[in-house]
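Just so you know, we're using the working numbering here: the sequence shown kicks off at 52 and counts up by one.
Here is the structure we will look at, set down as structure tokens.
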Amino acid sequence: MRERASAKIRGAMDRHGDARVTLLGELIDHAPLFPPASLPLPDALEEDSRARVSRDAFMLGRFVCLASQLSELPDVGRGISVVLDAVLADDPRVEAAETRPSFDPGAGVPHVGEVYVETPLDDALEDRLDHVVEFGLRAKVRCGGAAVPDAESLAGFIRSCRERDVVFKATAGLHHAVRSDGEHGFLNLLAAVVFGDEVRALDETDPTAFKLDAEAFSWRGRSASAGELEAARRNRLHSIGSCSFFEPVEELDALGVLPL
Numbered sequence: 052m053r054e055r056a057s058a059k060i061r062g063a064m065d066r067h068g069d070a071r072v073t074l075l076g077e078l079i080d081h082a083p084l085f086p087p088a089s090l091p092l093p094d095a096l097e098e099d100s101r102a103r104v105s106r107d108a109f110m111l112g113r114f115v116c117l118a119s120q121l122s123e124l125p126d127v128g129r130g131i132s133v134v135l136d137a138v139l140a141d142d143p144r145v146e147a148a149e150t151r152p153s154f155d156p157g158a159g160v161p162h163v164g165e166v167y168v169e170t171p172l173d174d175a176l177e178d179r180l181d182h183v184v185e186f187g188l189r190a191k192v193r194c195g196g197a198a199v200p201d202a203e204s205l206a207g208f209i210r211s212c213r214e215r216d217v218v219f220k221a222t223a224g225l226h227h228a229v230r231s232d233g234e235h236g237f238l239n240l241l242a243a244v245v246f247g248d249e250v251r252a253l254d255e256t257d258p259t260a261f262k263l264d265a266e267a268f269s270w271r272g273r274s275a276s277a278g279e280l281e282a283a284r285r286n287r288l289h290s291i292g293s294c295s296f297f298e299p300v301e302e303l304d305a306l307g308v309l310p311l
């Protein structure tokens, strides 16, 4: 855990071997400044503060802001992920940078711990991921927003990352736990990462097909222990970006899978 993590988050993550905490811990990179929430900075900070003291704060990952907003951002109690819309200032709070699709790593890579290269799901996907590997970077994929990729395209991205041992984060449109209303679900995404059979996992619309308790995460008769989930989060899906923290949490709460 990062030194800036709150005592509440540390306490939750100390539940050694709890598959719920392993799968969901620090899953949500909070981006209230971004669409569709697009909150003004004071409101975004207030919303983030509520998330930090909530029962489910163990799910809270980094705070996300634009590079151009970094100088205005006070201490948020943990690490920051910065979307590069300007030259990145030297700031010890920054743990990760997220690039635009036009980013060229050959022109220089930000000096931060993790760099996530936004990777469109088009015919150049394989070449872009090869460049990600070449420069020791990570990938970022959009699952919604202006356009929602179909399950086949998103599944192809997950498989390509697995083949290349690329860690990635996913963003946009992941407010639902399970696929609904034509939008991808983050439990579906986690199942695709953990179990494979990516298209079927991403297309799953039955909430009862998923089970998550202290012992394991399961989908359609397949099951993964806390150790397997830890590896999947460390080596494959780092986090999801969401402009809302509470909407995804409420969806999980409705499924009755969150630890008390």
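Cβ atoms here follow ideal geometry from the backbone N, Cα and C, with glycine treated the same way.
- Along the stretch 196-237, the alpha helix (DSSP H) occurs as fully enclosed runs of 4 or more residues at 202-215, listed in sequence order.
- Contact annotation: residue 110 and residue 78 have beta-carbon atoms nearer than 8 Å.
- One thing to note: residue 81 has its Cβ within 8 Å of the Cβ of residue 114.
- For the pair residue 249 and residue 191, the Cα-to-Cα distance works out to about 17 Å.
- Under the three-state reduction of DSSP, residue 277 is assigned to helix.
- Taking 3 residues as the minimum length, the beta strand (DSSP E) runs contained wholly in the stretch 113-189 are 131-134, 145-149, 165-169, in order along the chain.
- DSSP, reduced to helix, strand and coil, places residue 71 within a helical segment of the structure shown.
- Taking each of 214, 256, 271 in turn and checking the Cα distance to residue 202, the smallest one comes out for 256.
- For residue 100, the three-state secondary structure derived from DSSP is helix.
- In this structure, the straight-line span from the alpha carbon of residue 90 to that of residue 96 is close to 9 Å.
- Per DSSP, reduced to three states, the secondary structure at residue 268 is strand.
- Counting the other CB atoms within 10 Å of its CB gives residue 125 a total below 16, which places it among the exposed residues.
- Just so you know, the alpha carbons of residue 280 and residue 286 end up roughly 10 Å apart.
- Going by DSSP, residue 297 is part of the alpha helix (DSSP H) stretching over 297-306.
- For the options 274, 294, 143, 259, the alpha carbon positioned closest to that of residue 305 is the one of 259.
- In this structure, 140 is the residue among 140, 194, 103, 101 with its C-alpha nearest to the C-alpha of residue 119.
- The criterion of a C-beta distance shorter than 8 Å is satisfied by residue 160 and residue 186.
- When C-beta atoms of the stretch 287-307 are compared with those of the stretch 216-236, three or more pairs fall below 8 Å, so the two segments count as touching.
- As DSSP reads the structure, residue 81 sits in a beta bridge with 114, 293.
- Scanning 116, 103, 155 for the CA closest to the CA of residue 145 turns up 116.
- Cβ-Cβ separation between residue 245 and residue 236: approximately 14 Å, too far for a contact (criterion under 8 Å).
- For residue 253, the enclosing alpha helix (DSSP H) stretches over residues 249-254.
- The criterion of a C-beta distance shorter than 8 Å is satisfied by residue 71 and residue 310.
- Residue range 261-263 is occupied by the beta strand (DSSP E) that includes residue 261.
- Secondary structure at residue 288: strand, using DSSP grouped into helix, strand and coil.
- Here residue 180 is near residue 212, since their CB atoms are less than 8 Å apart.
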